[in-house]
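Visitor: With this note's numbering applied, the sequence shown corresponds to residues 10 to 203, in that order.
The C-beta atom is built at its ideal place from N, Cα and C for all residues, glycine as well.
Computed from a prediction, not measured in an experiment: that's the story for all the values here.
Submitted below is the structure of interest, expressed as structure tokens.
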Amino acid sequence: ADIKEFSKKDIKDQKAMKEDWRVTDVIANSCKPVIAMINGFCLGGGLEIAMACDLRTASSNSKLGQPEINIGIIPGAGGTQRLTRLVGEGRSMELILTGNMISAKKAEDWGLVNMVADEEKLEEVTIEIANQIAEKSTFAIKRAKKSIKLTANTSLEKGLKEEQELFVECFKSNDGKEGIKAFIDKRKPEFKGN
10 ADIKEFSKKD IKDQKAMKED WRVTDVIANS CKPVIAMING FCLGGGLEIA MACDLRTASS
70 NSKLGQPEIN IGIIPGAGGT QRLTRLVGEG RSMELILTGN MISAKKAEDW GLVNMVADEE
130 KLEEVTIEIA NQIAEKSTFA IKRAKKSIKL TANTSLEKGL KEEQELFVEC FKSNDGKEGI
190 KAFIDKRKPE FKGN
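Below, the structure written as structure tokens:
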């Protein structure tokens, strides 16, 4: 975020700020997989956007953090909530309360990023992951994302029940039938998204 812009805002701008924050919700609630490719500094609002994505790759020279506390504010676009869900309460407290940055390697060790690559290989690695996902059934991907996202707001019992229902939907789908047939026939499946 542009700190100079913050100095021009007052409480009346809360409506405009909520519109800015909506971006992370749109990303997080997308039925399509979203990958953040981080190269360099990923701080504050930038990290909040990255955390709204399903997967995050980072170059080995990247630095990540939530430094808002250093200017007397807190993350406001999901940083306290998404960071805690990704790395746990203790590490979230450390990163947010100190305002320090961490290396891409540490972020990977913590589970904040999924993969670290050298800067010159980052785009290639990210595209490779995207291509792997693109080969899968969009029907199943939507349901996998839905089931995974339930863990934040649902009891284990309810989550398992929902997972089973989504599994049955996939099993009955044309893509599910095609995937099983392709496996038996020892060939690559041709998914249609239904």
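Grab me the residues of Lys155's own chain with a C-beta within less than 7 Å of its C-beta, minus the 5 sequence neighbours each way, in chain order.
Guide: Position 146 of the sequence shown, counted from the start, is the residue given in the question as residue 155. For Lys155, where only same-chain residues beyond five positions count, the Cβ hits under 7 Å are Leu175.
Visitor: Under the rule that 16 or more other beta-carbon atoms within 10 Å means buried, what is Cys179, buried or exposed?
Guide: As a working note, residue 179 is residue 170 in the sequence shown. By the neighbour-count rule (16 or more Cβ atoms within 10 Å), Cys179 is buried.
Visitor: CB-CB under 6 Å to Asp63, same chain, minus the five flanking residues each way: which ones, in chain order?
Guide: Numbered from its first residue, the sequence shown carries residue 63 at position 54. The answer, listed in chain order, is Pro42, Val43.
Visitor: Can you tell which of Lys181, Met60, Asn203 has its C-alpha closest to the C-alpha of Ala45?
Guide: In the sequence shown, residue 45 corresponds to position 36, counting from 1. Looking at the Cα atoms, Met60 is the closest of the given residues.
Visitor: List the DSSP bridge partners of Val125.
Guide: On the sequence shown, residue 125 is found 116 positions in, with the first residue counted as 1. Its beta-bridge partners are Ala67.
Visitor: Going by beta-carbon coordinates alone, are Asp118 and Ser69 separated by less than 9 Å?
Guide: Translated into the one-based positions of the sequence shown, residue 118 becomes position 109. Translated into the one-based positions of the sequence shown, residue 69 becomes position 60. It is not a contact, given that the beta carbons lie outside the stated cut-off.
Visitor: Can you list, in chain order, the residues of its chain whose CB lies under 8 Å from that of Lys114, leaving out five sequence neighbours each side?
Guide: Counted from its first residue, the sequence shown places residue 114 at position 105. For Lys114, where only same-chain residues beyond five positions count, the Cβ hits under 8 Å are Ser69, Val125.
Visitor: Looking only at its chain, what residues have a beta carbon closer than 7 Å to the beta carbon of Leu95, apart from the 5 residues adjacent to it on each side?
Guide: As a working mapping, residue 95 is identified with position 86 in the sequence shown. Only Met60, Gly120, Leu121 meet the Cβ criterion.
Visitor: Is it buried or exposed, Ala5, if we count other Cβ atoms within 10 angstroms and call 16 or more buried?
Guide: Residue coverage of the chain in this structure runs from 10 to 203, which leaves residue 5 outside it and unanswerable.
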